[in-house]
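Input: a single structure, listed below in structure tokens.
Given below as structure tokens:
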């Protein structure tokens, strides 16, 4: 199984999302964080299960109806590239 690595940008994306939510509802932020961790931890078992990304060479994992993790499957690892709101303009 390939390890999951997070780019600094993806970590910053997730932190900003969680901070925004936590200002309004700390429990919802914690629930979202748990959902992200739970779903991303399953990527090594089925890295190609999720939909093809809008950017060539990427895939998109819906971690919550409103949030998507964009990732790439490489030779030595699975790399989380970005975490974004589903309504966000991407790419």
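In the working numbering, the protein residues as written are 762 to 852.
Heads up, the beta-carbon is just placed ideally off N, CA and C, and yes, glycines get one too.
- Sequence-distant partners of residue 824 (beyond 5 residues in either direction) whose C-beta falls short of 6 Å from its own C-beta, in its chain, are 796, 797, 800 and 830.
- Collapsing the DSSP output to three states places residue 844 in a strand.
- Contact between residue 782 and residue 793 holds: their C-beta atoms lie close to 6 Å from each other, under 8 Å.
- Cβ neighbours of residue 770 within its own chain (closer than 6 Å, five residues either side excluded): none.
- Linking residue 841 to residue 820 through their CA atoms gives a straight-line distance of about 10 Å.
- Bounds of any beta strand (DSSP E) do not take in residue 788; it lies within the alpha helix (DSSP H) bounded by 787-801.
- Under the three-state reduction of DSSP, residue 850 is assigned to coil, being neither helix nor strand.
- If you ignore the 5 residues before and after residue 852, its C-beta comes within less than 8 Å of the C-beta of 815 and 816, all in its own chain and listed in chain order.
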